[in-house]
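Quick notes on the structure that follows.
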Amino acid sequence: MHKDLHEENRLSWNEATVAHNSHKGDQAAFFRTGGNKLFAEEKELFGDIKGLSVVHLQCNAGQDTLSIAQMGAIVTGVDISDTAIDFARQLSADSGVPATFHRMDVYDWLAETARGTERFDVVFCSYGAFCWLSDLGTWAKGVAAILKPGGRFVAVDYHPIMSTLDDDLNRKFPYFAEGKVLTWEDGVNDYVANLGEGLPGKEYVEGVKDFKNPYRVHEFQWSIGEIVTALLEAGLTLTVLKEFPYSNGFNPFKEMRQAGDRWFLPEGQPNLPLMYAIAACKSR
1010 MHKDLHEENR LSWNEATVAH NSHKGDQAAF FRTGGNKLFA EEKELFGDIK GLSVVHLQCN
1070 AGQDTLSIAQ MGAIVTGVDI SDTAIDFARQ LSADSGVPAT FHRMDVYDWL AETARGTERF
1130 DVVFCSYGAF CWLSDLGTWA KGVAAILKPG GRFVAVDYHP IMSTLDDDLN RKFPYFAEGK
1190 VLTWEDGVND YVANLGEGLP GKEYVEGVKD FKNPYRVHEF QWSIGEIVTA LLEAGLTLTV
1250 LKEFPYSNGF NPFKEMRQAG DRWFLPEGQP NLPLMYAIAA CKSR
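The numbering used here numbers the first residue of the sequence shown as 1010 and each following residue consecutively.
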């Protein structure tokens, strides 16, 4: 586990989170009026979660966490970024959508929670979560430990095959990273500005311009096989594994085609999996 690199990532996310939220307008009003940021894929995986306890790991600034609460769940969010959690707590208070937030490294929070008595019906993570995990086995065991008997882990994330390609869809990086750390000197970028879209149905706000992150970041490439194996070795039973030929709310390459919230590869390009969904359950 690379705790020192996690801390560098925290600093980079602190900076980027300010830029990201500057483009989204009045987010409290969005949630006060029933707004929900979740895509169809997550909602399908969740099913009916009214009254269930859900923990959202690596929740960033809490928008998806509050969207889960809008579905009637009792929600907890966890993230390493001070800025993100401060924003999430304020957004919950201002919108009146209840949620509990913890500012901790996800590994520390999983270990601390496992030592206590609180357990959850659902553990959730999504969209850019797995690449920040430096120790997949420890993480998966932590997830299993905090699930109730019969509880579920659900995730939707961008497919790791995307990380092997450059902006022009040329194969450039390894799929099997063999534990090597991938360091990016320019840090977490302003991907909200790059996409030019704010909250669903709301206008994009210019906000912070020409954002440059002073802190680098470190990512960890995991294959689909490694992720599934870690969950199985942690004692969970795989119930869903889907792949999708599009990416939700994210334009990863040049000349992508947009259809609603989904981005597809350019015309004439053979399709590739750009997202995947996983669900796994804990034995009763």
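Positions of the beta carbon are idealized from the N, C-alpha and C atoms, including for glycine. All figures in this text were calculated on a predicted structure; none of them were measured in a lab.
Asked, Found
"Residue from LEU1250, GLN1278 and ILE1089 whose Cα sits closest to the Cα of LEU1119", "ILE1089"
"HIS1029 beta carbon less than 8 Å from that of PHE1133", "no"
"Burial state of GLY1160 (16 or more Cβ within 10 Å)", "buried"
"Limits of the alpha helix (DSSP H) - the one that GLN1079 falls within", "1072 to 1079"
"VAL1131 beta carbon less than 8 Å from that of LEU1061", "yes"
"Cβ contact check for the segment 1144 to 1161 and the segment 1173 to 1190: 3 or more pairs under 8 Å", "no"
"As assigned by DSSP and simplified to three states, the class of CYS1140", "helix"
"Buried or exposed by the 16-neighbour rule on C-beta atoms within 10 Å, applied to PHE1096", "buried"
"Burial state of PRO1169, where buried means 16 or more other Cβ atoms lie within 10 Å", "buried"
"Residue ranges of each alpha helix (DSSP H) within the segment 1057 to 1134, 4 or longer", "1072 to 1079, 1091 to 1104 and 1115 to 1124"
"Pair within 8 Å by beta-carbon distance, VAL1197 and ASN1222", "yes"
"Environment of SER1292 [buried if 16+ CB atoms lie within 10 Å]", "exposed"
"Inter-stretch contact (C-beta, 8 Å, three-pair minimum) for the segment 1065 to 1084 and the segment 1039 to 1053", "yes"
"Spatially closest choice to SER1143 from MET1010, GLY1277, GLN1278 and ASP1199, by CA coordinates", "MET1010"
"LEU1250 - partner residues in DSSP beta bridges", "ILE1287"
"C-beta atoms of ASP1091 and ASN1203 nearer than 8 Å", "no"
"Alpha-carbon to alpha-carbon, ASP1073 and ASN1018", "21 Å"
"Neighbour-count burial assignment, SER1232, 16 or more Cβ in a 10 Å radius", "exposed"
"Proximity winner among ASN1069, ALA1138, PHE1162 and VAL1201, relative to PHE1259 (alpha-carbon distances)", "VAL1201"
"Boundaries (first-last residue) of the beta strand (DSSP E) holding ASN1257", "1255 to 1257"
"Cβ pair PRO1261, ASN1280 closer than 8 Å", "no"
"Buried versus exposed call for THR1085 [16 or more other C-beta atoms within 10 Å across all chains shown]", "buried"
"Delimiting residues of the beta strand (DSSP E) encompassing ALA1268", "1266 to 1268"
"Neighbourhood of GLY1205 by C-beta distance below 8 Å, restricted to the same chain and skipping five residues each side", "TYR1213"
"Endpoints, alpha helix (DSSP H) assigned at ALA1186", "Note, ALA1186: premise wrong, no alpha helix (DSSP H); not H, not E."
"Beta-carbon proximity list for LEU1241, same chain, < 6 Å, skipping 5 on both sides", "none"
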